[in-house]
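The next block holds one structure in the form of structure tokens; read it before the comments.
2 protein chains.
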Amino acid sequence: MVSIEQFGDNVRWTAAEKKVARRAFDQALERHLSTIIAEAKRMMENVANPSDLWGVEAYLTESRKTVDRIYQFRYSHLLRVFSVLMRDEWLNEADLVGLQPEKIADIKRSPEGLRRMFRE
Amino acid sequence: MVSIEQFGDNVRWTAAEKKVARRAFDQALERHLSTIIAEAKRMMENVANPSDLWGVEAYLTESRKTVDRIYQFRYSHLLRVFSVLMRDEWLNEADLVGLQPEKIADIKRSPEGLRRMFRE
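Quick look at the structure:
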């Protein structure tokens with residue numbers, strides 16, 4: 002089994018693919034952040050006591066750490082990142098149009114196998 | 002100069018004073034928490050982007066740490082705690098009615114001198 006580093010380093014991205022990848026990445030991040038903001042606003046509106054309030058804090062801290070951990074734009078890691086985002090439904094196949102079929106297949110196939118390497 | 006520990010240990014609280022102290026402490030905490038909740042709700046309503054959101058998180062974390070640090074109900078530290086709460090206007094003189102005049106005088110006089118010991 003090849004390591005994830007070798008896996009990533011072997012992937013080549015054309016200029017056109019890099020544009021698609023950047024756009025897909027940004028869209029996933031924007032969707033993810035919008036969802037977090039909406040949920041945090043909903044939680045805060047329902048805060049009735051300090052315990053509720055610290056629950057919002059914990060949700061925000063956890064969300065920020067998750068976003069920081071997942072959204073790292075490096076071409077050598079991008080298939081792994083995209084497979085996680087597909088699994089978690091922040092990306093869909095339409096976002097990947099323009100990538101080579103092999104990359105799309107990897108992204109769709111790999112989340113389960115890559116999960117352990119991604120420390121999740 | 003006596004240490005803060007000696008200072009606190011020398012203070013005697015009657016049963017009636019303990020009731021007043023507990024009530025004053027709880028009222029200050031409730032006022033403080035209510036203010037934090039109101040401010041957090043106001044901030045969250047105005048969140049328009051991720052940067053605003055993480056600003057709310059930082060405010061909550063800082064507020065929780067401040068509350069945890071200040072509100073420690075131990076008779077040996079209570080004059081010091083009350084002097085800080087008076088300085089920050091979470092307590093007022095009306096809350097202290099029922100305490101011996103010497104305690105009230107200490108509470109009103111000591112915030113500046115005690116600040117360094119309170120690590121603020």
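Chains as they are written, first to last, in my numbering: chain B, 2 to 121; chain U, 2 to 121.
Note that beta-carbon positions come from the ideal geometry of N, C-alpha and C, so glycine has one too.
Environment of residue i [buried if 16+ CB atoms lie within 10 Å]
i: aspartate 75 of chain U; result: Correcting the residue identity first, residue 75 of chain U is arginine in this sequence and not aspartate. Classification of arginine 75 of chain U: exposed, given that the 10 Å Cβ count is below 16.
i: lysine 19 of chain B; result: exposed
i: isoleucine 16 of chain B; result: A small fix is needed here, since residue 16 of chain B is alanine in this sequence, not isoleucine. Answer is exposed; the Cβ neighbour count stays below 16.
i: valine 98 of chain B; result: exposed
i: alanine 106 of chain U; result: exposed
i: glutamate 94 of chain U; result: exposed
i: methionine 2 of chain B; result: In this predicted model, methionine 2 of chain B has a pLDDT of only 46, less than 50, meaning its place in the structure is not dependable; the value taken from the coordinates is given anyway. Classification for methionine 2 of chain B: exposed.
i: glutamate 58 of chain B; result: buried
Any C-beta of chain U under 8 Å from that of residue i
i: threonine 36 of chain B; result: no
i: alanine 106 of chain B; result: no
From the options, residue whose alpha carbon lies closest to that of residue i
i: arginine 65 of chain U; options: B:Met87, B:Arg70, B:Ser52 and B:Tyr72; result: B:Ser52
i: aspartate 1 of chain B; options: B:Thr62, B:Asp96 and B:Glu58; result: As displayed, chain B neither begins before 2 nor continues past 121, which places residue 1 of chain B out of reach and without an answer.
i: proline 102 of chain U; options: U:Leu80, U:Val57 and U:Arg24; result: U:Leu80
i: threonine 67 of chain U; options: U:Lys109, U:Val85 and U:Ile108; result: U:Val85
i: tryptophan 91 of chain B; options: B:Thr62, B:Lys104 and B:Ile108; result: B:Ile108
i: arginine 32 of chain B; options: B:Arg110, B:His78, B:Tyr72 and B:Ala59; result: B:Tyr72
i: arginine 134 of chain B; options: B:Ala29, B:Arg13 and B:Asn11; result: For residue 134 of chain B there is no data in the structure shown, the boundaries of chain B being 2 and 121.
i: threonine 36 of chain B; options: B:Tyr60, B:Phe83, B:Gly56 and B:Val21; result: B:Tyr60
Practice problem: With 7 Å as the C-beta to C-beta threshold (strictly closer), list the residues of the stretch 54–78 of chain U near chain B in chain order. | Solution: Under the 7 Å Cβ criterion, the stretch 54–78 of chain U contributes Leu54, Trp55, Val57, Glu58, Leu61, Thr62 and Arg65.
Exercise. Pair every Cβ in the stretch 40–48 of chain B with every Cβ in the stretch 44–54 of chain U, then say whether three or more of these pairs are closer than 8 Å.
Key: Counting C-beta pairs with one atom in each stretch, the stretch 40–48 of chain B and the stretch 44–54 of chain U have three or more that are closer than 8 Å, which means they touch.
Quiz prompt | Cβ-based contacts, 7 Å cut-off: residues of the stretch 40–52 of chain B near chain U | solution = Of all residues in the stretch 40–52 of chain B, only Ala41, Lys42, Met45, Val48 and Pro51 place a beta-carbon less than 7 Å from a beta-carbon of chain U.
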